[in-house]
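Just so you know, numbering that gives the first Met the number 0 puts 134 at position 135 of the sequence shown, and the rest follows in order with no gaps. What follows is a short report on a single structure.
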Amino acid sequence: MNKTLYSALNRSAVMLLILALSVSGILKAQKLPLPPRANDAISGSTFKNWIETLSVEDREKQIYQEVLKGNVPNFLRELTPITFSKTIKNSTYVVTYFVLPDYLAVGSDTDYFLMPMTPILAQKIANAIGFTLPTKQMVDQIWSNASLKMAPTPIPPSPQMTTIPVMWEHNMLLQRQRKEALLQAPLGDLVAGHKKDVIISNKIYEKSSKPVVIYGWHFQNGTPIQPVYAGHSETYADYSHGIRLVQDSTLINHKVHLITSVLQDAEKSALFSDEGVIVKPFYPLE
């Protein structure tokens, strides 16, 4: 068997087991399946300095290594459950899925970098830990369930918006905004509205050149700044992009399923998608 496929199957089996245990009450919460953050792990600001002059390819290699070895803030470790019910063709489904409480970051609780990245890297990280990216419908649902709905803080468009200095500038704007709301919503609470989401969608495969598909950045009234958009290439990422990882294992009527499998089901895909079946719920990594 192909080693990559074997590894992916193993990860899926582990995640299914973890979620099954949680159903029986053995586990109280779902955790981000990464190693503990090392005592000597570098901070977000140090990481920013480290990758500032690297090419996109080399930068993303470093991001991947830092994330997979566990250099992410502790407040991202406990996943937030999203629970809802929906009736489809006279069948009622009660669903719970688990999401990062904020966008993926490198660093510590006190010094972190909310890390924009290409969909290629986001998918690679998701595959490595048994997660997926959200759909448009899920992004709206996450925003609705957020304890803290942060107001968007755009930076004027420029050719520099894809560079680390501008990404870091936006990161610091958001951290100041987040600190002002800590009494209302401590770190680890579900927050939304402060980034555009990289999403999975059929639009990934509508063209011969595979784009990144983005959506969100909701105003306080729930209207997104960014409609679903597929105008940038798969190697594109700018300061406004965020990666909200979603655990692929989900509970539907107390049974464990994979979101990526449900999205390919003609009937049940409506639980997670408002664009119908998503035939390929992932970005290509070839």
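Glycine is no exception: its CB is placed at the ideal position from the N, C-alpha and C atoms. None of the values given here were measured: they were computed from a predicted structure.
Exercise. Looking at I87 and A265, is the spacing between their C-beta atoms short of 8 Å?
Worked result: Taking 8 Å as the cut-off, the Cβ atoms of A265 and I87 do not count as close.
Helix, strand or coil for L113? Go by DSSP, reduced to three states. Looking at L113 - three-state DSSP - the assignment turns out to be strand.
**CA-to-CA distance, Y92 to H169, given in whole angstroms** = Going from the Cα of H169 to the Cα of Y92 covers about 39 Å.
Notebook entry, point to check: Which full runs of the alpha helix (DSSP H) of 4+ residues lie inside the segment 28 to 104, going along the chain?
Noted result: Given a length threshold of 4 residues, each whole run of the alpha helix (DSSP H) inside the segment 28 to 104 is given here in chain order: 43 to 50, 55 to 67.
Original post:
Where do the ends of the beta strand (DSSP E) carrying A236 lie?
Top reply: Looking at the DSSP string, A236 is not in any beta strand (DSSP E), and its letter there is neither H nor E.
Among V94, K209, N48, which has the Cα closest to the Cα of D230?
According to the sequence as given, residue 230 is Gly; it is not Asp. Answer by Cα proximity: K209.
> Just the Cα atoms here: how many angstroms apart are T152 and H253?
Replying inline: Whole-angstrom Cα-Cα distance: 39 Å.
P164 to E51, Cα distance in whole Å? Between the alpha carbons of P164 and E51 lies a gap of roughly 7 Å.
Exercise for review: Count the other CB atoms, across all protein chains shown, that sit within 10 Å of the CB of G275; report buried if there are 16 or more and exposed otherwise.
Suggested key: It counts as exposed.
Contact under 8 Å by Cβ, L120 with Y63
In this structure, Y63 lies closer than 8 Å to L120 by Cβ.
In three-state DSSP terms, what is H169?
H169 falls in the helix class under three-state DSSP.
ask   = Does the beta-carbon of T109 have 16 or more other beta-carbons within 10 angstroms, so that it is buried, or is it exposed?
value = Per the 10 Å Cβ criterion, exposed.
For this session: Go through its chain and collect everything with a Cβ distance to T249's Cβ below 8 Å, but skip five positions before and after it.
Result: Taken in chain order, the residues that qualify are L18, V94, T95, Y96, F97, V255, H256, L257, I258, V261.
*Straight-line CA distance for D237 to W167?*
If I take the Cα positions, the gap works out to 11 Å.
* Asked: For the putative contact between V55 and T222, defined by C-beta atoms under 8 Å, what is the C-beta separation to the nearest angstrom?
  -> About 31 Å separates the beta carbon of V55 from that of T222, a gap too long to meet the 8 Å contact definition.
Check: Apart from the five residues just before and just after S21, which ones in its own chain have a Cβ nearer than 6 Å to its Cβ?
Finding: Because S21 sits at a pLDDT of 46, beneath the cut-off of 50, its placement in the model cannot be relied upon, and the following sentence gives the value as read from the coordinates. Nothing listed; no residue qualifies.
Outcome for V245 when other beta-carbon atoms lying within 10 angstroms are tallied against a minimum of 16: Taking all protein chains shown into account, V245 has 16 or more neighbouring C-beta atoms within 10 Å of its C-beta and is therefore buried.
Give a yes or no on whether the C-beta atoms belonging to V211 and P118 are separated by under 8 Å.
Cβ distance < 8 Å, so V211 and P118 count as in contact.
Note to self: Considering just the uninterrupted stretch of the beta strand (DSSP E) at Q136, what are its terminal residues?
What the structure shows: From DSSP, Q136 is part of no beta strand (DSSP E) but of the alpha helix (DSSP H) over 135 to 144.
Note to self: For T131, list the residues DSSP reports as bridge partners.
What the structure shows: Answer is V245, bridged to T131.
Residue nearest to G69 in terms of C-alpha spacing, selected from G106, K60, N48
Here the closest residue by C-alpha is G106.
Given that a residue counts as buried once 16 or more other Cβ atoms are within 10 Å of its Cβ, and exposed if not, what is G24? Any reading at G24 must be qualified, since the residue scores a pLDDT of 42, below 50, and its modelled position is unreliable; no value is offered.
- Inter-stretch contact (C-beta, 8 Å, three-pair minimum) for the segment 155 to 163 and the segment 136 to 145: With the cut-off at 8 Å, the segment 155 to 163 and the segment 136 to 145 do not touch.
Discussion item. Please report the distance separating the alpha-carbon of V278 from that of S272.
Written reply: Using only the alpha carbons, I get a separation of about 11 Å.
With 16 as the cutoff for other CB atoms within 10 Å, does R175 come out buried or exposed? It is exposed - the Cβ of R175 has fewer than 16 other Cβ atoms within 10 Å.
Item to complete: Enumerate in chain order the residues of its own chain whose CB-to-CB distance from T66 is below 6 Å, with the five nearest sequence positions on each side excluded.
Response: Note on residue identity: the sequence assigns Val, not Thr, to residue 66. Cβ contact annotation for V66 (same chain, cutoff 6 Å, sequence separation greater than five): I124, in chain order.
Out of D57, P280, T79, R76, which one is the CA nearest neighbour of I203?
The residue among D57, P280, T79, R76 with its C-alpha nearest the C-alpha of I203 is P280.
- request: In the DSSP assignment, find the unbroken alpha helix (DSSP H) run with A258 in it and report its ends.
  value: One detail in the question is off: residue 258 reads as Ile in this sequence, not Ala. From DSSP, the alpha helix (DSSP H) with I258 extends over 258 to 261.
- prompt: Is it the case that the Cβ atoms of V197 and M149 are separated by a distance below 8 Å?
  reply: No.
Exercise for review: Just confirm the distance between the C-beta atoms of W293 and G192, as a whole number of angstroms; I'd bet it's less than 8 Å.
Suggested key: For the chain, the structure presents residues 0 to 285; residue 293 sits outside this window and is missing.
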